[in-house]
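To start, the structure under review is shown below, and the notes come after it.
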Amino acid sequence: MITPVDVGPYRSALVIRYEDGVDDALLSALADATGLTFAYYGNGGFGGETLADVYADASGRTLLIEVAADEVGVKAVFVRAESADEAVAIRAVIGEHVQVWTEQTLRAQLEGTLSDAPWTLVALMMATGGAEPDPETADLLQRALGHGDGDVREAAEYARAVAAELVHAPVVMREAPRERPTGVLAPARPVEGEEDWVTVRPGIPNRAVPRPVVWVRLATDDAERAAVWAFTEDWNIAVVGRDTDGSGWKEAIYTTMDEETALHIVEHPALGTVVHTAVHGTHAEATAAALREALGGEILDGAPPGLERTARSPKADRPSGGRFRRSRSGRRRPR
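In this text, residue positions in the sequence shown follow the numbering used here: the first is 745, and each later residue adds one.
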């Protein structure tokens, strides 16, 4: 069921690192410090560029919202509360739990350095939490919109669009069945748990790719080049690769529209500095050849040297690194 969420009138926000988020430890700390018990409510967004995971207290009107602008790699935690004191208390606990940036600190970073990091404007506007920005923030955004640098103007337009959507209440999907990998991403047998797609990482036999894999060692150390190639060839992003267990393993996965061919973009210190890709499915060999022609490199006879040293540690909490998801369009703009 899709539904807008009723919220308290007091708004606050803190920008956090993209790899951080709302977790059990934060929820427990909030319960201890404020007496508020938050539970997962649903996922959705604000009707535009951002995605949201919503947590609500027993009243349903005090919300903790993890908001991500995936396309530019910015994340914030929003607070919607019934009182100013409640919002301040929740914000204080968040600041003790993870590294945070406020509207004021981000604005200070940006003053005079817009050309160096223009996309920080998105973080700045997310730090308002959907509330009215400080006059100084509004002035900075206005100056960025008229900046002589086209990259700054593009970032400012995007930041303004994000800010405009965040003033609304989030709309969430509740009790929706979790989307399971299908087609070429499905393991040989169904796998229980949150991570249930195939992976080329050793040490996870129940999620091994159940078909031949063609490996390509690319002539680049920039994984974004492979992502851009997939994007321009109209592949879907299926798994956003992140180093979630601290090992350095990153595995972003793209699929063709018909889900018959998959491309895994792999990085790990044991594989050296260059990027490796693993392709499997109906058009694996043709895809490998196209990648080599576009980006340079070589098609390997088998798995790359060092792959076995990337095997998941038995103690790893999040084994493969990533999150299975589809955006509204099924695609994700490279950044």
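Quick reminder that beta carbons are idealized off the backbone N, C-alpha and C, glycines included.
This structure is a prediction, so every number in the text was calculated from the model and none was measured.
Of the candidates Ala828, Leu758, Gly752, the residue whose Cα lies closest to the Cα of Ala800 is Gly752. The secondary-structure analysis by DSSP pairs Trp845 across a beta bridge with Val759.
In the DSSP assignment, Gly817 falls outside any beta strand (DSSP E), carrying neither H nor E. Between Ala871 and the set Ala1032, Leu758, Glu939, Gly856, the nearest pair of CA atoms involves Leu758. The residue among Ala769, Thr1031, Thr778 with its C-alpha nearest the C-alpha of Val958 is Thr1031.
Sixteen is the threshold: when 16 or more other Cβ atoms of the shown chains lie within 10 Å of the Cβ of Val866, as they do, the residue is buried. The three-state secondary structure of Glu898, taken from DSSP, is helix. Contact annotation: the stretch 1026 to 1046 touches the stretch 951 to 965, with at least three C-beta pairs closer than 8 Å.
The Cβ atoms of Arg761 and Gln843 sit closer than 7 Å to each other. Short of 8 Å from the beta carbon of Gly839, and not among the five residues preceding or following it, lie these beta carbons of its own chain, in chain order: Leu758. Among the bridge pairs identified by DSSP, Ala769 is matched with none. The Cβ atoms of Pro931 and Arg951 sit closer than 7 Å to each other. The Cβ neighbour count for Thr976, taken over all protein chains shown within 10 Å, is under 16; the residue is labelled exposed.
No residue range can be given for Leu1015, since it is assigned to no alpha helix (DSSP H) and is classified by DSSP as neither H nor E. Closest option to Ala1055, judged by alpha-carbon separation, among Val1019, Ala971, Val983, Pro1013: Pro1013. CA-to-CA, the gap between Val906 and Ala1006 works out to about 32 Å.
CA-to-CA, the gap between Glu898 and Pro862 works out to about 9 Å. Rounded to the nearest angstrom, the Cβ distance from Gly789 to Leu795 is 5 Å, consistent with a contact under 8 Å. At the C-beta level, Ile1009 and Thr999 stay beyond 7 Å of one another. In the structure shown, Arg824 adopts extended strand secondary structure according to DSSP, grouped into three states.
Listed as beta-bridge partners of Thr1021 by DSSP are Val960, Ile1009. The beta carbon of Gly1041 lies closer than 8 Å to those of Val960, Arg961, Leu962, Ala963, Thr964, Val1018, Leu1035 in the same chain, with the five residues before and after it left out. In this structure, Val821 sits near Glu810, with a CB-CB distance shorter than 7 Å.
When DSSP states are grouped into helix, strand and coil, Gly927 belongs to the helix group.
Spanning the alpha carbons of Arg986 and Glu939 requires a straight line of approximately 13 Å.
For Gly1025, the closest C-alpha among the options Gly873, Leu807, Leu929, Val916 is that of Leu929. For Met870, the enclosing alpha helix (DSSP H) covers residues 864 to 870.
Taking 7 Å as the cut-off, the Cβ atoms of Ala833 and Tyr754 do not count as close.
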